[in-house]
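Undergrad: Right, I'll just put the structure down here and ask away after.
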Amino acid sequence: MAPPPLPPFAALRAFDVVGRSGGIRKAAVQLGLSHAIISRHLGMLEQHLGVTLFNRRTGELTEPGRRYHAQVSAAISELEAATTAFTGARGRSLTIWCSAGFSLHWLAPRLPDFQRRTGVAGAAFVDLHSTDAEPAFDKDEVDGDIRYLADGAAKSQPANVRTELLARPDVFPVAAPAFLAGLPRGIERRADILGLPLVHEGAGDEWLQWLAVQGLAADGLRAPAARFGQAHLALMAARSGQGIALANRFLVAEDLARGTLVAVEPAGDSWATAQLGAYYLRCSRARWSDPLVARFRRWLQRMLAKGD
Numbered sequence: 001m002a003p004p005p006l007p008p009f010a011a012l013r014a015f016d017v018v019g020r021s022g023g024i025r026k027a028a029v030q031l032g033l034s035h036a037i038i039s040r041h042l043g044m045l046e047q048h049l050g051v052t053l054f055n056r057r058t059g060e061l062t063e064p065g066r067r068y069h070a071q072v073s074a075a076i077s078e079l080e081a082a083t084t085a086f087t088g089a090r091g092r093s094l095t096i097w098c099s100a101g102f103s104l105h106w107l108a109p110r111l112p113d114f115q116r117r118t119g120v121a122g123a124a125f126v127d128l129h130s131t132d133a134e135p136a137f138d139k140d141e142v143d144g145d146i147r148y149l150a151d152g153a154a155k156s157q158p159a160n161v162r163t164e165l166l167a168r169p170d171v172f173p174v175a176a177p178a179f180l181a182g183l184p185r186g187i188e189r190r191a192d193i194l195g196l197p198l199v200h201e202g203a204g205d206e207w208l209q210w211l212a213v214q215g216l217a218a219d220g221l222r223a224p225a226a227r228f229g230q231a232h233l234a235l236m237a238a239r240s241g242q243g244i245a246l247a248n249r250f251l252v253a254e255d256l257a258r259g260t261l262v263a264v265e266p267a268g269d270s271w272a273t274a275q276l277g278a279y280y281l282r283c284s285r286a287r288w289s290d291p292l293v294a295r296f297r298r299w300l301q302r303m304l305a306k307g308d
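Per the UniProt record's numbering, residue 1 is the first one in the sequence shown, and the count goes up by one each step.
Below you can see the structure in the form of structure tokens.
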């Protein structure tokens, strides 16, 4: 008995990216196709299967769509692994630059998983550089660059660079438990934080933006307790009890679990949700579709979707 005919691979690929990215528009951007083409691929796949995979009204996969997506995504991953191994990825390094905090606290501990998923032991390794320097994309200095960009910055990238949104985390204040215990009085209202020692990263713009989201005017802000050029250094100062720093879950998940840092909350109120930027993967357009780079991009999205 002949196996049932498979849907076109282009339709399966489009469906996979729609499921991973969270919508037709985002999938169109990632694949460099039009919204209409992605919609046509979805419709073709639904017609082939005889089931609705994507709810156009809510912009989400249906229950059958989620089940099918899990299998399609796994199958495409296997194809990518086979292609990566066959095209000579063995012994090749993938050069990734990354902001220090994200690489130290999230990416580096998870890289062994990427190594295992390349399909062949020793197929490739990641040459990870923790740096805030801007790579020379036009000279293929890197295969990819992972960076936290403030709102609006992702739209002003060089013409030869493609970006992919990885995560848009909430930003919240943290401090060492001993620091909070030593305060003359607790934090009751949002405005109470203005009079406390705050640890700044760079020029302190993130604090100003965060305070604005909370409805607080910066004119009541005291001088910085300390100022550092990178987020992981500001958090180191917070751990040592120098003051309150801003963070996100990628930077302080382990600290919160161990209790070396705690989230600072006003006892009689709560903070407004503040998302001031996002983590992006940036690649040169020439490197974007490289099999190993594409596999790394998909692996990042899968790991981030797990939420760990």
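Don't be surprised by glycine CBs; every beta carbon is placed ideally from N, CA and C.
(1) Between the beta-carbon of Gly243 and the beta-carbon of Pro177, is there less than 8 Å?
(2) Assess, as a yes-or-no matter, whether the stretch 224–239 is touched by the stretch 191–209 under the definition of 3 or more beta carbon pairs within less than 8 Å.
(3) In terms of residues, what are the limits of the beta strand (DSSP E) holding Leu246?
(4) With a threshold of 6 Å on Cβ separation, who are the neighbours of Gln230 within its own chain once the five nearest residues in sequence on each side are excluded?
(5) Between Ala82 and His41, which are expected to be in contact by the criterion C-beta below 8 Å, what is the C-beta distance as a whole number of angstroms?
(6) Assuming Phe15 and Val72 are in contact, meaning their beta carbons sit under 8 Å apart, how far apart are those beta carbons, in whole angstroms?
(7) So, at 6 Å on beta carbons, what are the nonlocal neighbours of Gly19 in its own chain, with the 5 sequence-adjacent residues on each side left out?
(8) Using the beta-carbon count (16 or more within 10 Å), is His105 buried or exposed?
(9) Which whole runs of the beta strand (DSSP E) in the stretch 142–217 are 3 residues long or more, in chain order?
(10) Could you tell me the distance, in whole angstroms, from the CA atom of Arg67 to the CA atom of Met44?
(11) Can you confirm whether the stretch 126–133 touches the stretch 260–280 when touching is taken to mean that 3 or more C-beta pairs between the two stretches lie within less than 8 Å?
(12) Under the assumption that Ala278 contacts Leu149 (Cβ atoms under 8 Å), give the Cβ distance between them as a whole number of angstroms.
(13) Could you tell me the alpha carbon to alpha carbon distance between Leu304 and Pro64, rounded to whole angstroms?
(14) Any chance you could list the alpha helix (DSSP H) runs of at least 4 consecutive residues sitting entirely within the stretch 253–306, in chain order?
(15) Curious, which full-length beta strand (DSSP E) runs of at least 3 residues does the stretch 100–140 contain?
(16) Between which two residues does the alpha helix (DSSP H) harbouring Arg40 extend?
(17) Quick check: the Cα distance between Trp271 and Asp205, rounded to an integer number of angstroms?
(18) To which residues does DSSP link Leu61 through a beta bridge?
(19) Can at least three beta-carbon pairs, one atom from the stretch 107–117 and one from the stretch 158–165, be found at a separation below 8 Å?
(20) What does the alpha-carbon distance come out to for the pair Cys98 and Asn55?
(21) Let me know if Ala159 comes out buried or exposed under the rule of 16 or more other beta-carbons within 10 Å of its beta-carbon.
(22) What do you reckon, are the CB atoms on Asp143 and Cys283 nearer than 8 Å?
(23) Using the three-state DSSP reduction, which class does Ala70 fall into: helix, strand or coil?
(24) Work out the CA separation of Glu46 and Gln30 for me, nearest whole Å.
(25) Going by DSSP in three states, Arg227 sits in which element: helix, strand or coil?
TA: Let me spell this out:
(1) By 1-based counting over the sequence shown, the position of residue 243 is 243. By 1-based counting over the sequence shown, the position of residue 177 is 177. In this structure, Pro177 does not lie closer than 8 Å to Gly243 by Cβ.
(2) yes
(3) Locating residue 246 in the sequence shown gives position 246, where the first residue counts as 1. Unbroken beta strand (DSSP E) run through Leu246: 245–247.
(4) If you number the sequence shown from 1, residue 230 lands on position 230. Closer than 6 Å at Cβ, skipping near neighbours: Ala100.
(5) Position 82 of the sequence shown holds residue 82. Position 41 of the sequence shown holds residue 41. About 23 Å separates the two Cβ atoms, so there is no contact after all.
(6) As a working mapping, residue 15 is identified with position 15 in the sequence shown. As a working mapping, residue 72 is identified with position 72 in the sequence shown. Yes, they are in contact, since the Cβ atoms of Phe15 and Val72 sit about 6 Å apart, within 8 Å.
(7) In the sequence shown, the residue the question calls residue 19 occupies position 19. Apart from the 5 residues on each side of it in sequence, Gly19 sits with its Cβ closer than 6 Å to the Cβ of Leu61, His69 in its chain, given in chain order.
(8) As a working mapping, residue 105 is identified with position 105 in the sequence shown. Its Cβ being crowded by 16 or more others within 10 Å, His105 is buried.
(9) 144–150, 161–167, 172–175, 199–201
(10) Here residue 67 is taken as the residue at index 67 of the sequence shown, counted from 1. Here residue 44 is taken as the residue at index 44 of the sequence shown, counted from 1. Spanning the two alpha carbons is a distance of roughly 18 Å.
(11) no
(12) One-based indexing of the sequence shown puts residue 278 at position 278. One-based indexing of the sequence shown puts residue 149 at position 149. With a Cβ gap of about 6 Å, Ala278 and Leu149 count as contacting.
(13) The residue labelled residue 304 in the question sits at position 304 within the sequence shown. The residue labelled residue 64 in the question sits at position 64 within the sequence shown. Their Cα atoms are separated by approximately 23 Å.
(14) 291–306
(15) 124–130
(16) In the sequence shown, counting from the first residue as 1, residue 40 sits at position 40. That run of the alpha helix (DSSP H) goes 35–49.
(17) In the sequence shown, residue 271 corresponds to position 271, counting from 1. In the sequence shown, residue 205 corresponds to position 205, counting from 1. Distance between the alpha carbons of Trp271 and Asp205 is about 18 Å.
(18) Working through the sequence shown from its first residue, we reach residue 61 at position 61. When DSSP reads this structure, Leu61 sits in a beta bridge with Phe54.
(19) no
(20) Counted from its first residue, the sequence shown places residue 98 at position 98. Counted from its first residue, the sequence shown places residue 55 at position 55. Those two C-alpha atoms are separated by around 36 Å.
(21) Start at 1 with the first residue of the sequence shown, and residue 159 comes out as number 159. With fewer than 16 Cβ atoms within 10 Å of its Cβ, Ala159 is classed as exposed.
(22) Residue mapping note: residue 143 aligns to position 143 of the sequence shown, counting from 1. Residue mapping note: residue 283 aligns to position 283 of the sequence shown, counting from 1. Their beta carbons are under 8 Å apart, which means Asp143 touches Cys283 by this criterion.
(23) Residue mapping note: residue 70 aligns to position 70 of the sequence shown, counting from 1. Of the three classes helix, strand and coil, the one that applies to Ala70 here is helix, per DSSP.
(24) Your numbering for residue 30 matches position 30 in the sequence shown. Your numbering for residue 46 matches position 46 in the sequence shown. About 21 Å.
(25) Along the sequence shown, one-based indexing puts residue 227 at 227. The answer is strand: DSSP assigns Arg227 an E or B state.
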